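Participant:
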Amino acid sequence: MARVSRLGAQRKLRRYTETLRSQLPQLRTRFHVRYLGLFGSYVRGIPKKDSDLDVLVEFAEEPSLFKFMELETYLSELLDVKVDLVMKGTLKPLIGRRILSEVVGL
Numbered sequence: 001m002a003r004v005s006r007l008g009a010q011r012k013l014r015r016y017t018e019t020l021r022s023q024l025p026q027l028r029t030r031f032h033v034r035y036l037g038l039f040g041s042y043v044r045g046i047p048k049k050d051s052d053l054d055v056l057v058e059f060a061e062e063p064s065l066f067k068f069m070e071l072e073t074y075l076s077e078l079l080d081v082k083v084d085l086v087m088k089g090t091l092k093p094l095i096g097r098r099i100l101s102e103v104v105g106l
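One point on numbering: in the working numbering, the residue at position 36 of the sequence shown is 36, and numbering is uninterrupted.
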């Protein structure tokens, strides 16, 4: 699959970051989000045309599965890209270290 140009990836990442930052107050209220961060191919500057956006989340209150899926769908629609939502507390040690080393907090 073809890659997005580095400039295109940077523009998309900036747009995603700005949009999410502007939505943080609503996300805190509606979904009890404590922390959001981006990681993965967009942060590394190497997304493919069909790449999803990897979002690390920490909640102030443990969400139900329904609420978790609702947030993932909401973010996907808001950003117009498939979001892969990962809970910070569920990271396995090895992959967790890699994710935490590259995550861009919002």
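Don't be surprised by glycine CBs; every beta carbon is placed ideally from N, CA and C.
Source: prediction; values computed, not measured.
(1) If we call anything under 7 Å between Cβ atoms a contact, is L13 one with Y35?
(2) Could you name the residues that DSSP lists as bridge partners for F39?
(3) Within 10 angstroms of its Cβ, does L56 collect 16 or more other Cβ (buried), or is it exposed?
(4) Compare the beta carbon distance of L106 and L20 with 7 Å and say whether it is the shorter of the two.
(5) Applying the 10 Å Cβ sphere with the 16-neighbour rule, what's the burial state of A9?
Facilitator: According to the structure shown:
(1) no
(2) D54
(3) buried
(4) yes
(5) buried
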